[in-house]
Amino acid sequence: MDLITIKDKDYKGKKIFLRVDFNVPMDKNQNILDDTRIKAAIDTINYLLNQNSILILASHLGKPKGIIVPSMSLKPIAKRLSEIIKKDIKFAPDCVGPEVKKIVDSSKPGDIILLENLRFHPEEEKNEENFSKQLASLGECYVNDAFGTSHRAHASIVGITNFLTDKAAGLLIEKEIKALNKIIENPEKPFLLILGGAKVADKISMVKNLLPKVDTVITGGIMAYTFIKSNNWEIGNSAVEDKALPIAKEVYKELRRLHLEFHTPLDHIIADKISEDAKYLATERGTIPPGWIGVDIGPQAIEEYTDCIKRAKTIFWNGPMGIIEIEPFAKGSIAIAKAIAESNAYSVIGGGDSIEAVNKAGVADKISHICTGGGASLEFLEGKGLPGINILLK
Ligand code: ADP
Ligand code: MG
Numbered sequence: 370m371d372l373i374t375i376k377d378k379d380y381k382g383k384k385i386f387l388r389v390d391f392n393v394p395m396d397k398n399q400n401i402l403d404d405t406r407i408k409a410a411i412d413t414i415n416y417l418l419n420q421n422s423i424l425i426l427a428s429h430l431g432k433p434k435g436i437i438v439p440s441m442s443l444k445p446i447a448k449r450l451s452e453i454i455k456k457d458i459k460f461a462p463d464c465v466g467p468e469v470k471k472i473v474d475s476s477k478p479g480d481i482i483l484l485e486n487l488r489f490h491p492e493e494e495k496n497e498e499n500f501s502k503q504l505a506s507l508g509e510c511y512v513n514d515a516f517g518t519s520h521r522a523h524a525s526i527v528g529i530t531n532f533l534t535d536k537a538a539g540l541l542i543e544k545e546i547k548a549l550n551k552i553i554e555n556p557e558k559p560f561l562l563i564l565g566g567a568k569v570a571d572k573i574s575m576v577k578n579l580l581p582k583v584d585t586v587i588t589g590g591i592m593a594y595t596f597i598k599s600n601n602w603e604i605g606n607s608a609v610e611d612k613a614l615p616i617a618k619e620v621y622k623e624l625r626r627l628h629l630e631f632h633t634p635l636d637h638i639i640a641d642k643i644s645e646d647a648k649y650l651a652t653e654r655g656t657i658p659p660g661w662i663g664v665d666i667g668p669q670a671i672e673e674y675t676d677c678i679k680r681a682k683t684i685f686w687n688g689p690m691g692i693i694e695i696e697p698f699a700k701g702s703i704a705i706a707k708a709i710a711e712s713n714a715y716s717v718i719g720g721g722d723s724i725e726a727v728n729k730a731g732v733a734d735k736i737s738h739i740c741t742g743g744g745a746s747l748e749f750l751e752g753k754g755l756p757g758i759n760i761l762l763k
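Under the numbering used here, the residues of the sequence shown are numbered 370 to 763, in order.
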């Protein structure tokens, strides 16, 4: 896979439409809770600024569904970005229209403009042609560094490139694709796949695509309970994804056909309710007594999984081992994060909640690659390519 990247081009003095992913979590008062995604775009921003270009940054934030929702304005992001890069940012009150055009046209090389939320316009998600053209009219070149949105064929990701044909991927996309390709193209063996969390049905295509390359699979969370239940074992009141049961059965068959090493937890942490003040204990075996809820992997499972991690040379982890939002049920995921950090394997982690576990464990800097886009990374690993990436290939 050969990407056109910004390193292939010369941007001296050019006006660049740069699609970034500034879709950061915010609280009710519009305080940014986590600025990882803003920081992830800084390398590309600095690289392009060093060429004395004019940067027009565009992003979506949240799901305003095509109407102006003041609490989803990108204005607080302009402020944070300005603090991070220590430069003034001009904030445009919209992403298209005469007023925005005026701001762009009055800019000089070295200026940065941040446009208002793309999704305040319904045309963005519809990949509408005229809207794409209006976005394109702002710049002379197009750069996409919004990895986390590149699985969406939206106007600022796909449509715009019909009008701005000078197009390239930014440094973040380049890094993400390199890391994911390393996993699917030529993973060093043994390759360990760690699956947890929820959204089982959504993740199964990725699992199916990776199985032929994988040596070992370990499971936790609702993912594990769905596999366990599909074998008719007792799981008490644990959460399962019923609609995924038939596919879990299919995957089981495939695992056996490929003679893969497959693990569900040897033991569990079970609770009487999902709450901070729940009564909880570890089971002796893999079954869960009636009335109890499996909320995390148990100490024996941690030991066994740590051993699998030690043996691996490549690791991909998606989905926590338990309910990480509740402190006593986050231990399994934190232990897994620490074990990965200590291993010498090439490790990639995708998924917001899995990353949360890595951050809670304080080991983010010891992971080879942390994906900034959960959904995009999973779709890429399904092997279908992403609409926003496919149009940036040489
Ligand atoms: P990621 O964001 O890493 O892709 P998911 O969103 O698929 O992960 O799954 C994370 C969610 O799964 C969390 O909200 C967590 O509480 C939930 N979860 C994990 N294990 C369990 C469990 N045993 N029972 C209920 N919910 C669980
Ligand atoms: Mg999640």
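Using N, Cα and C, we set each Cβ at its ideal position, and we do this for glycine too.
Sequence ranges, beta strand (DSSP E) only - wholly within the stretch 508-552, length at least 3: 510-513 and 536-538
C-beta atoms of G688 and L579 nearer than 8 angstroms: no
Near ligand 1: S607 beta-carbon under 7 angstroms from a heavy atom: yes
Chain C within 8 angstroms of H738, Cβ atoms only: Within the model displayed, chain C is absent; a lone protein chain is all it includes.
Cβ contact check for the stretch 712-727 and the stretch 593-608: 3 or more pairs under 8 angstroms: no
As assigned by DSSP and simplified to three states, the class of I666: strand
Inter-stretch contact at 8 angstroms, needing at least 3 Cβ pairs: the stretch 731-742 / the stretch 701-716: yes
Candidates F560, I401 and K700, of which the one nearest Q669 by Cα: K700
V469 to I482 span [Cα, whole Å]: 9 angstroms
Closest by C-alpha distance to Y674, when choosing among T585, V620, E543 and A647: T585
Integer Cβ distance of E497 from G528, believed to fall under 8 angstroms: 7 angstroms
Straight-line Cα distance separating L761 from A730: 36 angstroms
Straight-line gap, I542 to Q503 (C-alpha atoms, nearest Å): 24 angstroms
CB of G517 within 8 angstroms of CB of D390, strictly: yes
Proximity below 8 angstroms, CB of H637 to CB of I587: no
M690, DSSP secondary structure in three states: Judged by DSSP in its simplified three-state form, M690 adopts coil rather than helix or strand.
Inter-residue Cα distance where the pair is S428 and D722: 22 angstroms
Alpha carbon of S599 to alpha carbon of P394, nearest angstrom: When the Cα atoms are used, S599 and P394 turn out to be separated by approximately 35 angstroms.
Whole-angstrom distance between N499 and V378, CA atom to CA atom: Note on residue identity: the sequence assigns Lys, not Val, to residue 378. Going from the Cα of K378 to the Cα of N499 covers about 27 angstroms.
Which of helix, strand or coil DSSP assigns to G743: helix
Near ligand 4: D722 beta-carbon under 7 angstroms from a heavy atom: For ligand 4, the structure offers nothing, since it holds only ligand 1 and ligand 2.
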